[in-house]
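Protein sequences, first through last, are from chains A and B. The opening position of the first sequence corresponds to residue 1 in our numbering, with each subsequent residue numbered one higher. The opening position of the second sequence corresponds to residue 1 in our numbering, with each subsequent residue numbered one higher. Glycine included, C-beta positions come from ideal geometry on N, C-alpha and C. Predicted, not measured: the structure shown is a model, and the values here were computed from it.
2 protein chains.
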Amino acid sequence: MADGYHHGNLRQALIDAGIKLINRDGEENLSLRRAAAACGVSHAAPYAHFKDKEELINAIKESVTEKFMKELEDAAEGCESADDALIYMGSAYITFFSKHPDYFVFLFGKQKITAHTQMNKENKNDYPPFLLIRQMYKKHLEEKNIELSEEEQEIGLIKVWSMIHGMASIACMKGVKTSFNWKDPDLRLLL
Amino acid sequence: MADGYHHGNLRQALIDAGIKLINRDGEENLSLRRAAAACGVSHAAPYAHFKDKEELINAIKESVTEKFMKELEDAAEGCESADDALIYMGSAYITFFSKHPDYFVFLFGKQKITAHTQMNKENKNDYPPFLLIRQMYKKHLEEKNIELSEEEQEIGLIKVWSMIHGMASIACMKGVKTSFNWKDPDLRLLL
DNA sequence: AACAATAACTTGACGCCGTAAAGATTATCC
DNA sequence: GGATAATCTTTACGGCGTCAAGTTATTGTT
């Protein structure tokens, strides 16, 4: 990989540049040409690594999802009980999107969430953050010896996740003011 | 308003065409030029009625929000108790976005929600659907003689709204399957 | 009725965008 | 070392938002 013509690691550079551009200018201002320019490369160079713009965007989503997952895992680490972990994960979930409001619509808006995630066999609830919350929720039921039917479990899980997810969504809406500091890392209003 | 040169009611026609285009092709395929073409008018004609694309989009958002509000009000109508009304409004909230998944990111994604809504004096919680839920929630507290501090009320309200809103958001995510039929008009899992 | 002023619309142009095709340059492999 | 493949550049196309200038219809004034 000599200097000049060949970049060396353009694929990853484009992903990193894309994240920076989204953080600075918002998703709608991310273009293939800008990302290419940020990497010091011609406007058509990305097509050697990505089929189209959507493929670059999905790669960026994967990368952002990894960061998101890491914060959730870090929040759960060191908790004594599963319901403690649930609360801290929920707080981290909300805090993450409070700090990066653009990421919410970027990750969950537009097309299928599965486009940038691996599918499991049943194609069900396969989004990694949801899997994390699901397994922590089940662990919590075990710890507290709460016995629920399959459907009751599913309902309880959906309630927990939707409340957390909904708060994250609301925290991202500029112009809707609440009396909370969503960036507080310990939001004990949950559950 | 003779035939030919002058359209007569281009402003509203553009809004209607915009809604149709979003319903058929999704938000990302809505362009000023397409909307203009759908109205049989030149590509720059919209600029007589809208400052830029954003202004047209905000007008469309207002129109969609009105439809949304109407479904919420219809759901609450005829309910005997306020908490019954809350449940039916919540169901309608989720059902609305289940039927039109594109509307969720269209209404709540991107820029400020206040751009297409009137501001109240305090610039607080002024999004009409939230106001509706807020007042119904307070009515419910009164009916049941539940006395809460201002902050406790705010927390309770946020919990209810975020759970409904979160379920709506989840229902819109293609690729994340749950065992619920979100289009069921009576989702009694709530609250 | 005539005419000025204004609103509504068209035409043409600009730069940015995504993408495809063809050519240039470098890396890889037998 | 020479073929092959991967990577990158250049050129080109149509669609986009937007602006400027010109055209046509409507409205208001006398």
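Under the three-state DSSP convention, the category residue i falls into
{"i": "A:His-49", "result": "coil"}
{"i": "A:Leu-187", "result": "coil"}
{"i": "B:Lys-177", "result": "coil"}
{"i": "B:Trp-182", "result": "coil"}
{"i": "A:Gly-90", "result": "helix"}
{"i": "B:Ala-44", "result": "coil"}
{"i": "A:Glu-147", "result": "coil"}
{"i": "A:Leu-30", "result": "coil"}
{"i": "A:Lys-121", "result": "Only weak support exists for where A:Lys-121 lies, its pLDDT of 49 falling under 50; the value from the coordinates is given anyway. Note: A:Lys-121 maps to coil in three-state DSSP."}
{"i": "A:Glu-77", "result": "coil"}
Residue j beta carbon less than 9 Å from that of residue i
{"i": "B:Lys-138", "j": "A:Met-163", "result": "no"}
{"i": "A:Leu-187", "j": "A:Ile-94", "result": "yes"}
{"i": "B:Leu-30", "j": "B:Gly-18", "result": "yes"}
{"i": "A:Leu-56", "j": "A:Ala-85", "result": "no"}
{"i": "B:Ala-168", "j": "A:Gly-166", "result": "yes"}
{"i": "B:Lys-67", "j": "A:Glu-28", "result": "no"}
{"i": "A:Glu-151", "j": "B:Ser-98", "result": "no"}
{"i": "A:His-43", "j": "A:Ser-81", "result": "no"}
{"i": "A:Asn-23", "j": "A:Asp-102", "result": "yes"}
{"i": "A:Leu-71", "j": "A:Phe-96", "result": "The question names Leu, yet the displayed sequence has Glu at residue 71 of chain A. Yes, these two residues count as a Cβ contact at 9 Å."}
{"i": "A:Ala-37", "j": "A:Lys-20", "result": "no"}
N- and C-terminal bounds of the alpha helix (DSSP H) containing residue i
{"i": "B:Leu-132", "result": "128-143"}
{"i": "B:His-165", "result": "150-172"}
{"i": "A:His-20", "result": "Strictly speaking, residue 20 of chain A in this sequence is Lys, with His absent from that position. First-last of the alpha helix (DSSP H) with A:Lys-20: 10-25."}
{"i": "A:Tyr-103", "result": "101-108"}
Reference residue i, options the options, closest by Cα
{"i": "A:Leu-132", "options": "A:Leu-14, A:Tyr-88, A:Lys-110, A:Ala-17", "result": "A:Tyr-88"}
{"i": "A:Ser-63", "options": "A:Phe-106, A:Gly-90, A:Ala-85", "result": "A:Phe-106"}
{"i": "B:Asp-16", "options": "B:Asp-52, B:Lys-177, B:Asn-58, B:His-6", "result": "B:Asn-58"}
{"i": "B:Ala-48", "options": "B:Met-167, B:Leu-21, B:Asp-83, B:His-7", "result": "B:His-7"}
{"i": "A:Arg-11", "options": "A:Phe-50, A:Tyr-5, A:Ala-44, A:Asp-83", "result": "A:Phe-50"}
{"i": "B:Trp-161", "options": "A:Glu-154, A:Asn-145, A:Val-176, A:Leu-72", "result": "A:Val-176"}
{"i": "B:Ala-92", "options": "B:His-100, B:Ala-75, B:Asp-83", "result": "B:Ala-75"}
{"i": "B:Lys-53", "options": "B:Phe-130, B:Gly-156, B:Arg-33, B:Phe-108", "result": "B:Arg-33"}
{"i": "A:Pro-46", "options": "A:Leu-14, A:Trp-182, A:Glu-154, A:Lys-174", "result": "A:Leu-14"}
Any non-hydrogen atom of the ligand GTP closer than 8 Å to residue i Cβ
{"i": "B:Leu-21", "result": "Absent from the structure shown: the ligand GTP. Ligands present: none."}
Interfacial residues, the stretch 82-98 of chain A to chain B, with Cβ spacing under 7 Å: So nothing in the stretch comes that close.
Chain A contacts made by the stretch 55-82 of chain B, where a contact means CB separation under 8 Å: Considering only beta carbons, no part of the stretch 55-82 of chain B lies closer than 8 Å to chain A.
Contacting positions in the stretch 136-159 of chain A - beta carbon closer than 8 Å to chain B: Flagged, chain order: Glu-151, Glu-154, Ile-155, Ile-158, Lys-159.
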